[in-house]
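Student: Pasting a structure below so you can have a look.
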Amino acid sequence: MKILQVVLSLKCGGLEKLVIHLSEKLKERGHYVEIVCLGQKGELGEEAERKGIFVTSLNKNDGVDLKLLWRLKKIIKEKEIDLLHTHNMSPLIYGSLVARWVGIKMVNTRHGRASHKTYRFIWNLTSRVVAISDDARTELLQHNFIEENKVKVIYNAINLSDFEFIKNIQFKTQVWHDFGLQSDSLLIGIVARLSIEKDHKTLIKAFQRIAESSMDVKLLIIGDGQLKENLKSLVKKLNIENKVKFLGFRKDIPELINILDLFVLSSTMEGVSLTLLEAMAAGKPVIATNVGGNPEVVVDGDTGLLVPSGDPKKMAEAIIKILSDKELAAQMGNAGRKRVEKFFSLEKMVDKYEKIYQEVI
Numbered sequence: 001m002k003i004l005q006v007v008l009s010l011k012c013g014g015l016e017k018l019v020i021h022l023s024e025k026l027k028e029r030g031h032y033v034e035i036v037c038l039g040q041k042g043e044l045g046e047e048a049e050r051k052g053i054f055v056t057s058l059n060k061n062d063g064v065d066l067k068l069l070w071r072l073k074k075i076i077k078e079k080e081i082d083l084l085h086t087h088n089m090s091p092l093i094y095g096s097l098v099a100r101w102v103g104i105k106m107v108n109t110r111h112g113r114a115s116h117k118t119y120r121f122i123w124n125l126t127s128r129v130v131a132i133s134d135d136a137r138t139e140l141l142q143h144n145f146i147e148e149n150k151v152k153v154i155y156n157a158i159n160l161s162d163f164e165f166i167k168n169i170q171f172k173t174q175v176w177h178d179f180g181l182q183s184d185s186l187l188i189g190i191v192a193r194l195s196i197e198k199d200h201k202t203l204i205k206a207f208q209r210i211a212e213s214s215m216d217v218k219l220l221i222i223g224d225g226q227l228k229e230n231l232k233s234l235v236k237k238l239n240i241e242n243k244v245k246f247l248g249f250r251k252d253i254p255e256l257i258n259i260l261d262l263f264v265l266s267s268t269m270e271g272v273s274l275t276l277l278e279a280m281a282a283g284k285p286v287i288a289t290n291v292g293g294n295p296e297v298v299v300d301g302d303t304g305l306l307v308p309s310g311d312p313k314k315m316a317e318a319i320i321k322i323l324s325d326k327e328l329a330a331q332m333g334n335a336g337r338k339r340v341e342k343f344f345s346l347e348k349m350v351d352k353y354e355k356i357y358q359e360v361i
């Protein structure tokens with residue numbers, strides 16, 4: 001089968017990594033797979049090409065770009081593509097129109113939530129819509145008037161082999177040295193872009209409560225984004241600069257997660273977070289907000305703890321509960337790893353996508 005994956009770009013992010021992993025695995029199974037970026041390739045484009053996946057940029061202009069339809073049609077015709085798989089909204093809009101134009105099937109994955117009325121017609125041009133959680137499926141059916149049998153749930157997944165660790169003391173020591181950390185400090189971490197929906201403010205305010213206690217804890221904020229300076233100002237205002245470290249964008253995410261004692265995700269909205277899955281795959285206890293797909297990933301009290309979004313007090317209490325009980329932390333970490341192996345492995349995800357492709361062709 002010849003499959004064209006269509007994304008907005010291959011900038012660094014969970015969606016983009018997932019598309020590359022999916023394409024790589026489909027290629028291993030004998031399918032021909034290319035990736036088309038409506039805009040620029042982004043940082044991960046080169047990584048995809050190193051893995052033998054051909055990546056094309058259509059250089060989309062700002063706003064509506066009708067010429068994009070012809071450029072996408074040309075690729076489909078020249079490569080004799082059998083199926084389009086679009087990811088999120090812009091690729092869905094352009095892809096659905098071109099798929100109808102040339103007469104091929106299209107699958108769309110919505111990586112998150114969408115309820116805008118203008119998308120109702122577009123959704124129904126697809127052969128299948130994939131929601132990444134039961135919560136997202138319910139939302140799609142409630143707000144977008146999609147035929148129920150068209151919407152399937154396939155959880156996001158990760159490559160478990162990236163998290164088969166040998167304890168890397170040297171790496172941990174290097175991180176301590178680079179960021180001026182004490183070797184006996186407990187490390188809390190979040191890996192997420194610095195944007196409003198990730199709600200780092202609540203985590204920082206929760207951490208302030210812990211920093212005021214006798215517990216020796218540091219917070220590592222991994223990721224970059226438009227709110228970086230605002231968050232740094234908040235940290236300074238709360239007088240916890242010596243305990244909070246902004247690491248920025250990093251490529252060594254598995255290694256960084258591996259040195260954490262606890263992973264926290266403070267989002268106000270979420271699909272199925274890949275970094276949450278990665279932390280669980282690394283055997284780390286996790287705390288996540290009780291929103292979106294998080295309750296489908298984290299079993300409260302078993303693999304971690306769920307807390308209300310926007311509640312620093314409840315989040316601080318959950319953090320203290322786990323960090324003050326090493327046995328509980330270890331049990332949660334082990335249970336989390338097993339849950340990811342059972343429900344969120346890359347092979348299982350690819351099996352389900354492959355089945356959908358075969359159904360619609």
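Residue 1 is where the sequence shown starts when you use full-length UniProt numbering, and the numbers rise one by one after that. Idealized CB from N, CA, C, for every residue including glycine. All values derive from a computational prediction rather than experimental measurement.
Assuming P254 contacts F163 under a Cβ cut-off of 8 Å, what Cβ separation, rounded to an integer in Å, is found between them?
Tutor: At roughly 6 Å, the Cβ-Cβ gap stays under 8 Å, so P254 and F163 are in contact.
Student: Between the C-alpha atoms of F207 and I3, what's the straight-line distance to the nearest angstrom?
Tutor: Spanning the two alpha carbons is a distance of roughly 46 Å.
Student: Taking 7 Å as the CB-CB cut-off, is M280 touching chain B?
Tutor: Structure shown: chain B not included; a single protein chain is present.
Student: Just mark F344 as buried or exposed, buried being the case when its beta carbon has 16 or more other beta carbons within 10 Å.
Tutor: Buried is the call here.
Student: If you run the structure through DSSP and keep just helix, strand and coil, what is H111?
Tutor: The answer is coil: DSSP assigns H111 none of H, G, I, E or B.
Student: Buried or exposed: where does A330 fall if 16 or more other Cβ atoms within 10 Å of its Cβ makes it buried?
Tutor: The residue in question, A330, is exposed, as its Cβ has fewer than 16 Cβ neighbours within 10 Å.
Student: By alpha-carbon positions, which one of L231, S324, V340 ends up nearest to I158?
Tutor: Closest option to I158, Cα to Cα, is V340.
Student: Could you give the residue range of the beta strand (DSSP E) that holds V235?
Tutor: Here V235 belongs to no beta strand (DSSP E); instead the alpha helix (DSSP H) covers 228–237.
Student: Can you have a look at I361 and say buried or exposed, based on whether 16 or more other CB atoms are within 10 angstroms of its CB?
Tutor: By the 10 Å Cβ count, I361 comes out exposed.
Student: Measuring only the C-alpha atoms, how far is L26 from Y32?
Tutor: The alpha-carbon atoms of L26 and Y32 are separated by roughly 8 Å.
Student: Is the beta carbon of V107 less than 7 Å from the beta carbon of D134?
Tutor: No; because the gap between Cβ atoms is not below 7 Å, this pair is not in contact.
Student: State yes or no: is the C-beta of L219 within less than 7 Å of the C-beta of L247?
Tutor: Cβ distance not < 7 Å, so L219 and L247 don't count as in contact.
Student: So is D252 buried or exposed if we call it buried at 16+ other beta carbons inside 10 Å?
Tutor: Result: exposed.
Student: Under 7 Å, do L323 and L186 count as touching if we go by C-beta distance?
Tutor: In contact: L323 and L186 (Cβ atoms closer than 7 Å).
Student: Can you give me the C-alpha to C-alpha distance between N290 and K79, rounded to a whole angstrom?
Tutor: Each residue's Cα considered, the two are about 44 Å apart.
Student: If the criterion is Cβ atoms closer than 7 Å, does the pair L305 and A318 meet it?
Tutor: Their beta carbons are under 7 Å apart, which means L305 touches A318 by this criterion.
Student: Residues in its own chain within less than 8 Å of L69 by CB, not counting five upstream and five downstream?
Tutor: Cβ neighbours of L69 beyond the five flanking positions: Y94, L97, V98, W101.
Student: Just verifying my parser: in three-state terms, what is the DSSP assignment at Q5?
Tutor: Note: Q5 maps to strand in three-state DSSP.
Student: Please look up how many angstroms separate the CB atoms of C37 and S57, rounded, as I've assumed it's under 8 Å.
Tutor: Indeed, because the Cβ distance is near 5 Å, the residues count as touching under 8 Å.
Student: Apart from the five residues just before and just after residue 374, which ones in its own chain have a Cβ nearer than 6 Å to its Cβ?
Tutor: No information on residue 374 is available, as it lies outside the stretch 1 to 361 that the chain covers here.
Student: So, does the stretch 284–300 touch the stretch 125–140, judging by three or more C-beta pairs under 8 Å?
Tutor: The stretch 284–300, when compared against the stretch 125–140, does touch it at the 8 Å Cβ threshold.
Student: My assumption, with CB atoms under 8 Å, is that M349 sits in contact with T303. Please give the rounded CB distance.
Tutor: Their Cβ separation, rounded to whole angstroms, is 19 Å, which puts M349 and T303 out of contact at 8 Å.
Student: To the nearest angstrom, how far is the alpha carbon of K10 from that of D224?
Tutor: Before going on, a small fix: residue 10 reads as Leu here, not Lys. Rounded to the nearest angstrom, the two C-alpha atoms are 16 Å apart.
Student: Candidates D261, D199, V7: which alpha carbon is nearest D184's?
Tutor: Checking every option, the nearest Cα to that of D184 belongs to D261.
Student: From M89 to S213, what distance separates their C-alpha atoms?
Tutor: Going by the C-alpha atoms only, they are around 45 Å apart.
Student: Would you please state the rounded distance, in angstroms, between the beta carbons of V272 and I287? I believe it to be under 8 Å.
Tutor: So it is not a contact: roughly 16 Å between Cβ atoms.
Student: Report the CB separation of F249 from G189 in whole angstroms; it is logged as a contact under 8 Å.
Tutor: Not really, about 14 Å apart at Cβ, beyond 8 Å.
Student: At which residues does the beta strand (DSSP E) containing G189 begin and terminate?
Tutor: Counting along the chain, the beta strand (DSSP E) containing G189 begins and ends at 186–191.
Student: Along the chain, where does the beta strand (DSSP E) that runs through S23 open and close?
Tutor: No beta strand (DSSP E) holds S23; the alpha helix (DSSP H) holding it covers 14–28.
Student: Compute the beta-carbon to beta-carbon distance between K201 and L234, rounded to the nearest angstrom, for a pair I have assumed lies under 8 Å.
Tutor: Their Cβ separation, rounded to whole angstroms, is 6 Å, which keeps K201 and L234 in contact under 8 Å.
Student: L231 to C12, Cα distance in whole Å?
Tutor: Near 21 Å, if we compare the C-alpha coordinates of C12 and L231.
Student: Within its chain, find whatever has a CB closer than 6 Å to the CB of K41; leave out the 5 residues flanking it on each side and keep chain order.
Tutor: Excluding residues within five positions, the ones whose Cβ falls inside 6 Å are L10, V55, S57.
Student: According to the neighbour-count rule (16 or more other Cβ atoms, all chains shown, within 10 Å of its Cβ), is L346 buried or exposed?
Tutor: When all chains shown are included, L346 counts as buried.
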